[in-house]
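Numbering (the numbering used here), first residue to last: 15 to 619.
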């Protein structure tokens with residue numbers, strides 16, 4: 015196996031807004047270069063998870079090696095990384111960009127530049143990547159290539175003459191894309207004579223081979239039999255296999271500077287591998303590590319508890335294994351009076367939370383109960399003590415609080431001009447502060463708003479899509495924390511607080527939310543043998559009460575006629591029994607009740 019000259023290697027990724035055709039373009043490139051034969055070809059070839067194929071979205075970045083003979087007669091080795099488009103998976107995009115020298119930036123010919131197109135472009139520019147604009151979906155009847163070129167110039171500030179026109183669905187322009195990659199994306203810096211340095215950008219756990227590490231070789235060379243060490247913790251391992259993705263794992267004799275691949279080295283424990291770590295050799299180690307990744311900060315938190323208490327240790331093992339494959343979520347042990355032992359998890363967004371829960375249930379066979387998602391709050395107490403809470407039940411009494419600060423975001427919302435008034439109205443309802451409106455062209459505009467993160471966590475994205483007929487797009491970044499008039503809303507069942515149903519909410523909406531939530535719970539909680547009082551409280555003040563009536567057995571059925579005192583005696587006996595039952599009986603709360611708050615939104619009347 016001959017080594018590929020560094021000047022003939024190209025490392026690039028595909029970035030774009032969600033649904034602009036990244037995975038489909040990757041399919042065409044694989045097909046055109048003969049990496050995947052027509053018989054093995056399927057839609058979204060690089061999306062290996064069932065969940066990705068069902069939802070039609072990319073969740074995990076995927077790497078693949080392709081060989082391409084260009085018009086100049088040279089054969090090039092291309093390493094392509096397909097990335098997700100959804101705002102919740104932007105951490106995956108950042109990791110992928112660090113392993114590349116260039117990127118294909120896809121713009122939909124019908125929809126033009128969207129919020130995530132802009133956000134991903136800034137990420138690529140910050141990493142000094144060479145950008146090639148690709149105008150995709152030119153075969154659509156609604157395609158407007160001139161409009162797309164105009165937006166590439168005006169909004170993105172890129173040269174539209176470099177833009178490649180393509181249709182990933184039909185295969186038009188695939189060769190032009192590959193030629194553009196070869197011509198415009200620079201080759202990696204030649205570090206082949208230097209000591210080994212390789213950057214870990216992903217990993218996965220295999221029950222037979224241990225941890226499989228995905229990396230990009232920056233300097234030197236790696237081959238089986240070498241003794242390597244991780245620069246962050248100094249742990250040493252023997253390399254058993256190295257290889258490339260084609261797109262399945264295919265072993266190779268060695269990998270050199272500029273190449274992307276995987277290695278196995280019998281890493282048994284999950285703590286030994288860190289995403290962003292540098293791999294070097296034990297005999298001739300590199301002096302300094304490569305720049306890793308910024309530590310990711312979760313913004314949405316929720317509690318997850320196994321439905322069966324015995325599954326707690328399996329749940330912990332599952333989280334450890336999944337954390338290796340997705341370093342962007344965090345977890346710590348937690349316990350709830352209502353739900354027992356579990357974990358408090360932190361995510362980058364609501365879709366991220368949904369995906370992690372589904373992966374835990376599918377890949378590890380767990381059944382989980384999830385509490386309402388919330389954000390973190392900074393509390394300043396009257397004694398000057400300042401700390402952060404991620405769980406409403408940890409909030410101190412009102413009398414002890416000086417101020418509560420919540421995270422604020424700046425959101426860029428792109429939509430057709432005709433929907434601007436709807437978007438403004440929607441942002442006002444979410445306590446949004448107007449910053450400005452930029453008009454991209456005669457048909458589209460971008461509204462910039464500052465608003466509390468807690469307001470957009472629940473259902474903002476879904477509402478934006480439905481109010482703008484699918485044309486609205488959202489990108490946001492956290493800017494700071496600001497004090498707000500916030501209170502804790504508690505739900506009491508028969509006088510006992512259910513900690514998993516507590517939430518922190520703005521005072522103006524607390525009474526309304528309490529009414530809605532109590533009414534929803536009244537329908538969801540099954541009738542018991544005794545009466546169940548559902549109360550919503552702020553501090554010590556009860557603001558709403560609903561009652562779930564008791565099931566009542568007809569104890570007087572056997573009395574035909576006769577003296578009324580006999581019936582009364584039986585009814586009194588039943589009443590006493592119910593009273594005793596109420597004192598010892600705990601209320602059965604179904605899983606749906608814990609998610610009821612998610613369904614409480616402005617559209618409920």
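C-beta atoms are modelled at their ideal positions from N, C-alpha and C, and glycine is treated no differently.
Are residue i and residue j close, meaning C-beta to C-beta below 8 Å?
| i | j | result |
| --- | --- | --- |
| residue 182 | residue 134 | no |
| residue 144 | residue 200 | yes |
| residue 548 | residue 559 | yes |
| residue 121 | residue 162 | yes |
| residue 441 | residue 452 | no |
| residue 461 | residue 504 | no |
| residue 364 | residue 375 | no |
| residue 484 | residue 464 | no |
| residue 97 | residue 32 | no |
| residue 482 | residue 436 | yes |
| residue 328 | residue 193 | no |
| residue 326 | residue 355 | yes |
| residue 46 | residue 184 | no |
| residue 280 | residue 254 | yes |
| residue 467 | residue 492 | yes |
| residue 170 | residue 148 | no |
| residue 348 | residue 358 | yes |
| residue 18 | residue 91 | yes |
| residue 517 | residue 425 | no |
| residue 402 | residue 413 | no |
| residue 109 | residue 216 | yes |
| residue 116 | residue 198 | yes |
Output the distance between the C-alpha atoms of residue i and residue j, rounded to the nearest integer angstrom.
| i | j | result |
| --- | --- | --- |
| residue 114 | residue 213 | 11 Å |
| residue 350 | residue 312 | 21 Å |
| residue 20 | residue 439 | 55 Å |
| residue 598 | residue 251 | Per-residue confidence for residue 598 stands at a pLDDT of 44, beneath the threshold of 50, marking its modelled position as unreliable; the derived number appears in the next sentence. The straight-line gap from Cα to Cα measures roughly 58 Å. |
| residue 48 | residue 78 | 12 Å |
| residue 299 | residue 233 | 11 Å |
| residue 455 | residue 164 | 9 Å |
| residue 596 | residue 527 | Residue confidence for residue 596 is low, a pLDDT of 48 falling below 50, so the modelled location carries little weight and cannot support an answer. |
| residue 524 | residue 502 | 8 Å |
| residue 140 | residue 289 | 20 Å |
| residue 315 | residue 240 | 42 Å |
| residue 177 | residue 399 | 56 Å |
| residue 409 | residue 420 | 13 Å |
| residue 377 | residue 474 | 29 Å |
| residue 111 | residue 273 | 14 Å |
| residue 577 | residue 557 | 45 Å |
| residue 35 | residue 434 | 26 Å |
| residue 432 | residue 411 | 47 Å |
| residue 123 | residue 153 | 9 Å |
| residue 537 | residue 512 | 17 Å |
| residue 224 | residue 324 | 26 Å |
| residue 385 | residue 128 | 33 Å |
| residue 584 | residue 573 | 10 Å |
| residue 264 | residue 276 | 9 Å |
| residue 480 | residue 130 | 18 Å |
Buried or exposed: which applies to residue i, given that a residue is buried once 16 or more other Cβ atoms fall within 10 Å of its Cβ?
| i | result |
| --- | --- |
| residue 24 | buried |
| residue 93 | buried |
| residue 3 | The first residue shown for the chain is 15 and the last is 619, placing residue 3 beyond what the model contains. |
| residue 292 | buried |
| residue 490 | buried |
| residue 318 | buried |
| residue 322 | exposed |
| residue 27 | buried |
| residue 449 | exposed |
| residue 379 | exposed |
| residue 346 | exposed |
| residue 248 | exposed |
| residue 168 | exposed |
| residue 509 | exposed |
| residue 296 | exposed |
Could you please give me the residues that DSSP links to residue i through a beta bridge?
| i | result |
| --- | --- |
| residue 277 | 227 and 256 |
| residue 358 | 317 and 346 |
| residue 382 | 320 |
| residue 490 | 425 |
| residue 78 | 94 |
| residue 26 | 94 and 116 |
Which full runs of the alpha helix (DSSP H) of 4+ residues lie inside the stretch 498-577, going along the chain?
-> Secondary structure within the stretch 498-577: the alpha helix (DSSP H) runs of 4 or more consecutive residues, fully enclosed, are 521-538 (chain order).
Residue ranges of each beta strand (DSSP E) run of no fewer than 3 residues wholly in the stretch 88-166, ordered along the chain?
-> Taking only runs of at least 3 residues, the beta strand (DSSP E) segments lying wholly in the stretch 88-166 are 89-96, 116-122 and 144-150.
Continuous alpha helix (DSSP H) assignments of at least 4 residues falling wholly in the stretch 451-483 = 467-471 and 474-481
Would you mind listing the alpha helix (DSSP H) stretches within the stretch 165-224 that are 4+ residues and don't spill past its ends, in chain order?
-> 188-198
Which ranges does the beta strand (DSSP E) cover as unbroken runs of at least 3 residues, wholly within the stretch 389-419, from first to last along the chain?
-> 391-395 and 400-403
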